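230 is the number that this note's numbering gives the last residue of the sequence shown; the numbers go up by one with no jumps. Beta carbons: idealized from backbone N, C-alpha and C, even for Gly. On a predicted model such as this, the values are computed, not experimentally measured, just so you know. Note sheet for the following structure.
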Amino acid sequence: QCEFSTFTVIRKVKTIASTPQCVVNSCEKHPSTIHSYASHLLRHHKTSLKKERISLICDCGYEATSDHQHNHDQKCDGKKYTLNKLDE
143 QCEFSTFTVI RKVKTIASTP QCVVNSCEKH PSTIHSYASH LLRHHKTSLK KERISLICDC
203 GYEATSDHQH NHDQKCDGKK YTLNKLDE
């Protein structure tokens, strides 16, 4: 029997500065991965990376320009990425 019957779970605090903010209007979301960023645009704003003329560049060198990032997620966690505006 453990004499310490009560404990507190300390959850990891996500720092939103580490991931780019959504580019659509006044949305304040910071999707945590390349795949979740593309999914967020599609589900919540009915738009895409291509329509918004942006690409997401992962620290591993992968550049995402479409909404199909499943292959990349299998190779890398995609959690460290930057947002790049594409030329018109």
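The criterion of a C-beta distance shorter than 8 Å is not satisfied by residue 161 and residue 219. Proximity to residue 206 across 188, 180, 187 peaks at 180, based on C-alpha coordinates. Looking at the DSSP output, residue 197 sits in a beta bridge with 226. Of all alpha-carbon atoms in 166, 169, 190, the one lying nearest the alpha-carbon of residue 177 is that of 190. Excluding sequence positions up to five before and after residue 196, its CB lies within less than 7 Å of the CB of 165, 225, 226, 227, 228, all in the same chain and listed in chain order. Contact annotation, residue 200 with residue 171: C-beta distance approximately 19 Å; criterion of less than 8 Å not satisfied.
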